[in-house]
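Data block below; observations after.
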Amino acid sequence: MEKRNSTRGRIINYMLNHPVTSKAELAKELNISMPTVLTNVNELIAQNLLTELGEYESTGGRKAKSIGINKSYRRAMGVVISANHLEMVLINLGSEIEKSERVRLKFSTDFSYCMEVKKEITKFLRDTCGEEELLGIGIAIPGIIDQENRIVMKSHALQIENYSLRFLEQALEVPVYFENDANAAMLAENPQKYQDAIYLSLNHTLGGAFCINGQLFRGRNQKSGEFGHMILVPGGRKCYCGKVGCADAYCAESVLTDDGGIPLETFIEQVKSGDAAAGAKWETYLDHLAILISNLRMAYDMDIILGGDVGGVLADYMIPLGEKVMAYNGFDHDISYLRNCSYEKEASAVGAARHFFASLCR
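Quick note: to get our numbering, add 13 to the position in the sequence shown (first position is 1).
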């Protein structure tokens, strides 16, 4: 029975990361006998977790039927808590965002804040997702998370230390998963595509994460990936963490938006329109980012995913960024290891929600 469940779990996991496949491909890719594949797939189709999508083009002989995950079988919710907002998404099993909303809600350590979060989540889910459909709620938080004890060990963004998440978990009354926001953004990427990779989360502050063999690497004290607080310019600008010269002070989105004074979209429009001051600031930003990228590539020799709000606009500037990176990197012959993120927005919320897909594989 245990072996059967393991086989079934492997099939579901494969289907979650491959939108369309066939029984023959499943047998080949997972090294499972065709009779075993047929038995499990037919059961999963009867359960409505898998569905037949159509037929592949014939290469001679009988056409193979294509199968895929039934995206509407279950859903998961993702939430991002920040200092002043609550970001919410609902995704289906195809990792597609079916609904998203961002509301203003100032973070507080008072229990009343937990009840406000519950109220917003309840309102968000109303008439959208039934209780039996919801796998759980993943919550991404900017800070160092002790998942076992449900504690935010430290968060500069929320200005808290050793903050218990138990009250929030109890208030929601559904399965809840807590994750660092940058780690959650890494989880939004396809684990089949990125087995070993670094994720640079270029939001209002600079976060980071990386995975090895498809698994998040957290470090001994849950502090791995804090690339924003590596010293980039000794004796340089003061960082919000209290040190000077941190990468965050040079590569975070706040550098471009005057600490949130203008929207990033407005700044990019200024760059595109030929505004000299904006253009100079953008060039300096790309130069500092190129140094950080080169350092990370030298240290880890992995793909580097450019995410966050700035990562979302960098797709149009990969050539000038690549030229700057190559000027600092004499070991690589190209920048094919630089990748654009899958979600320009809501990556952390999607990644936190995707955590619950694994429950279907057990």
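We put the CB at the ideal spot given by N, CA and C, even for glycine.
Assumed close pair Leu215, Leu106 - CB separation to whole angstroms, cut-off 8 Å: Actually they do not touch by this definition, with Cβ atoms about 29 Å apart.
Can you confirm whether the segment 298 to 318 touches the segment 175 to 188 when touching is taken to mean that 3 or more C-beta pairs between the two stretches lie within less than 8 Å? No, they do not touch.
At which residues does the alpha helix (DSSP H) containing Thr279 begin and terminate? Per DSSP, Thr279 belongs to the alpha helix (DSSP H) from Leu277 to Lys285.
Candidates Ala153, Ala37, Leu103 and His169: closest to Arg163 by CA position: The shortest C-alpha separation from Arg163 is found at Ala153.
Mind checking Ser125: buried by the 16 CB within 10 Å criterion, or exposed? Its Cβ having fewer than 16 others within 10 Å, Ser125 is exposed.
My output table needs one value for Lys251: the three-state DSSP class, helix, strand or coil. Three-state result, Lys251: strand.
Within its chain, find whatever has a CB closer than 8 Å to the CB of Ala89; leave out the 5 residues flanking it on each side and keep chain order. Here the set comprises Leu103, Ile104, Leu147, Leu148, Gly149, Ile150, Gly151, Ala366, Arg367, His368, Phe369 and Phe370.
Would you list the one or two residues that DSSP bridges to Asp159? DSSP, once it has assigned bridges, lists Ile164 as partnering Asp159.
Can you tell me the Cα-Cα spacing of Pro204 and Ile225, whole angstroms? One Cα belongs to Pro204, the other to Ile225, and the distance between them is close to 10 Å.
Between which two residues does the beta strand (DSSP E) containing Phe124 stretch? First-last for Phe124: Phe124 to Leu138, but that is the alpha helix (DSSP H), not the beta strand (DSSP E).
Can you round the beta-carbon distance between Glu68 and Ser79 to whole angstroms, since I take them to be within the 8 Å contact cut? In this structure Glu68 touches Ser79 by the C-beta definition: roughly 7 Å separates them, less than 8 Å.
Nearest neighbour of Ser35, chosen from Leu63, Thr20, Gly22 and Ser19 [CA to CA]: Put simply, of Leu63, Thr20, Gly22 and Ser19 the residue whose alpha carbon is nearest the alpha carbon of Ser35 is Leu63.
I'd like the span of the beta strand (DSSP E) that includes Asp316, first residue to last. From DSSP, the beta strand (DSSP E) with Asp316 extends over Asp316 to Gly320.
Using the rule of at least 16 other Cβ atoms within 10 Å of the residue's Cβ for burial, across every protein chain shown, is Asp7 buried or exposed? With the chain covering only 14 through 375, there is no way to say anything about residue 7.
By how many angstroms is the C-alpha of Gly325 removed from the C-alpha of Thr20? Straight-line Cα distance between these residues: approximately 37 Å.
Taking Ser108 as the reference, which of Ser355, Cys374 and Ser372 has the closest Cα? Ranked by Cα distance from Ser108, the first of Ser355, Cys374 and Ser372 is Ser355.
By alpha-carbon positions, which one of Asp345, Tyr330 and Gly273 ends up nearest to Met311? For the residues Asp345, Tyr330 and Gly273, the minimum Cα distance to Met311 belongs to Asp345.
Relative to the alpha-carbon of Ala37, which residue among Asp140, Asn26 and Val54 has its alpha-carbon at the smallest distance? Out of Asp140, Asn26 and Val54, the CA that lies nearest to the CA of Ala37 is found in Val54.
Leaving out five residues before and five after Glu15 in sequence, what residues of the same chain have Cβ atoms less than 7 Å from its Cβ? Low local confidence applies: a pLDDT of 49 at Glu15 is under 50, so the model's placement there is unreliable, and no value is given.
Where Gln208 falls: helix, strand or coil (DSSP): Judged by DSSP in its simplified three-state form, Gln208 adopts coil rather than helix or strand.
Find the nearest neighbour of His169 within the set Cys252, Asp347 and Glu114, judged by alpha-carbon distance. Of the candidates Cys252, Asp347 and Glu114, Cys252 places its Cα closest to the Cα of His169.
In three-state terms, what does DSSP make of Ser95? In the three-state DSSP reduction, Ser95 falls in the coil class, being neither helix nor strand.
Those runs of the alpha helix (DSSP H) which lie wholly inside the segment 211 to 274 and span at least 4 residues: The segment 211 to 274 contains these whole alpha helix (DSSP H) runs: 261 to 264.
Here's a check: name, in chain order, each residue in its chain whose Cβ is nearer than 7 Å to the Cβ of Ala360, leaving out the five neighbours to either side. The residues are Ala198, Ala201, Gly320 and Cys354.
8 Å Cβ cutoff met for Glu266 and Asp209: No, they are not a contact pair.
Return the CA-CA distance between Thr49 and Asp314, expressed in angstroms with no decimal places. Straight through space, the alpha carbons of Asp314 and Thr49 are spaced by roughly 39 Å.
Answer with buried or exposed for Gly364, where buried requires no fewer than 16 other C-beta atoms within 10 angstroms of its C-beta. So Gly364 counts as buried.
If we require 3 or more residues per run, which beta strand (DSSP E) segments fall completely within the segment 33 to 69? Uninterrupted beta strand (DSSP E) stretches at least 3 residues long and entirely within the segment 33 to 69 occur at 63 to 68, given in chain order.
Which partner residues of Met90 appear in the DSSP bridge assignment? Paired residues: Leu103 and Ile150.
Identify whether Gly143 lies in helix, strand or coil by the three-state DSSP scheme. Coil.
Please go through the same chain and pick out, in chain order, the residues whose beta-carbon is closer than 8 Å to the beta-carbon of Leu299, but skip the five residues on each side of it. These residues qualify, in order along the chain: Tyr330, Pro333, Leu334 and Lys337.
From Ala362, Ser372, Cys374 and Phe137, residue whose alpha carbon lies closest to that of Phe191: Among Ala362, Ser372, Cys374 and Phe137, the Cα nearest to that of Phe191 belongs to Ala362.
On the CB-based measure, 16 or more other CB atoms within 10 Å of its CB, does Ser121 come out buried or exposed? Residue environment: Ser121 is assigned as exposed (fewer than 16 neighbouring CB atoms within 10 Å of its CB, all protein chains considered).
Residue range of the beta strand (DSSP E) that includes Phe191: It spans Val189 to Asn193 - the beta strand (DSSP E) in which Phe191 sits, taken as one unbroken run.
With 16 as the cutoff for other CB atoms within 10 Å, does Glu100 come out buried or exposed? When all chains shown are included, Glu100 counts as buried.
Using alpha carbons as the reference points, say which of Leu229, Glu129 and Ile275 lies closest to Leu118. Comparing Cα-Cα distances from Leu118 to each of Leu229, Glu129 and Ile275, the minimum goes to Glu129.
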